[in-house]
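Below is one structure; the comments refer to it alone.
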Amino acid sequence: MRKLYGRKTSINVQKASWILAELNLEFEWVFKEDKPGGLETTEYAALNPQLRVPTLDDNGTIVRQSNTIVRYLANKYSHGNLWPSDPGEAAAADYWMDWQASDNWRNVVAVFWNLFRVPPEERNDEEVAKGVIALGKDFEFLNGHLADQEYVAGNSLTMGDIPVGAAVHRFYALPIERPQLPHVEAYYARLQERPAFCENVMVPMP
Ligand SMILES: N[C@@H](CCC(=O)N[C@@H](CS)C(=O)NCC(=O)O)C(=O)O
């Protein structure tokens, strides 16, 4: 049986459940409705020593790290589709996955963590302000890239869109000021035409 360990409100878990749904792969949820924490059990540590979600158990193959899960599923179940058969296109998809997990992620965390995870009296307003500016620049960069193509690696959905689409949703869900980004907005609207995106990513913020 295929199992996905994680909460529906975690952006990293959303990537995994979105691609599973996109590929029509059945799975059983473990911890679906849990709040953050509660992962510190010896059983879970054996699956994910870092005590993080998501973890995928694909019929006995244990896969950790959200973007690794996306690559694994695309490679195993979607060659020539979500996993582009052209190596250059696959590299473009990979590039945007790495952009999300490195450059963009640290700015999302700076804002999200301060606004939603730390008590108001401990909030670092300077970090939030810097993060909001950095996020605006991040998505202006994506906006320029999407000016003449519909998805991050061309004109069809690939694995690259899974992390980036989840990050775009998180960006628009944050209570912050944003620049006008017509191409990102069109991309976000395009993703919302996909039931798998709506059901797995467009869930209320924690
Ligand atoms: N780089 C990891 C990050 C995983 C991560 O930090 N997950 C968070 C949720 S977004 C987590 O497990 N937090 C502890 C918890 O939810 O209890 C990935 O992409 O999978």
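Those letters in the sequence shown? Residues 1 to 206, per the working numbering, in order.
We treat Cβ as the ideally placed atom computed from N, Cα and C, and that holds for glycine.
Is any heavy atom of ligand 1 found at a distance shorter than 7 Å from the C-beta of residue i?
i: Gln65; result: yes
i: Ser10; result: yes
i: Leu157; result: no
i: Val53; result: yes
i: Pro36; result: yes
i: Arg117; result: no
i: Arg7; result: yes
For residue i, which three-state DSSP category applies?
i: Ile176; result: coil
i: Glu28; result: strand
i: Val184; result: helix
i: Gly37; result: coil
i: Gly154; result: strand
i: Val70; result: helix
i: Arg190; result: helix
i: Ser85; result: coil
i: Met97; result: helix
i: Val201; result: coil
Tell me the residue span of the alpha helix (DSSP H) that contains residue i.
i: Asp57; result: No alpha helix (DSSP H) holds Asp57; the beta strand (DSSP E) holding it covers Thr55 to Asp58.
i: Arg106; result: Trp105 to Phe112
i: His79; result: No alpha helix (DSSP H) contains His79, which DSSP labels as neither H nor E.
i: Ser17; result: Ile11 to Glu22
i: Ala45; result: Thr42 to Leu47
i: Glu121; result: Run containing Glu121: none; DSSP gives neither H nor E here.
Check whether the Cβ atoms of residue i and residue j lie closer than 8 Å to each other.
i: Ala153; j: Trp96; result: yes
i: Leu56; j: Leu23; result: no
i: Val108; j: Arg194; result: no
i: Ala101; j: Pro163; result: yes
i: Ser66; j: Pro54; result: yes
i: Glu121; j: Ala110; result: no
i: Glu223; j: Leu25; result: The chain is shown from 1 up to 206; residue 223 falls before or after that span and cannot be answered.
i: Ala166; j: Trp18; result: yes
i: Ala16; j: Glu199; result: no
i: Gly160; j: Asp58; result: no
i: Arg64; j: Asn48; result: yes
i: Phe116; j: Pro206; result: yes
Considering only heavy atoms of ligand 3, does any lie closer than 7 Å to the CB of residue i?
i: Leu39; result: Among the ligands modelled here, namely ligand 1, ligand 3 does not occur.
Name the two residues that bound the continuous beta strand (DSSP E) containing residue i.
i: Thr61; result: Thr61 to Arg64
i: Lys3; result: Arg2 to Tyr5
**OP:** Taking 8 Å as the threshold, find out whether the stretch 127-145 comes into contact with the stretch 180-193 through three or more Cβ pairs.
**Re:** Yes: the two stretches touch, three or more of their Cβ pairs being nearer than 8 Å.
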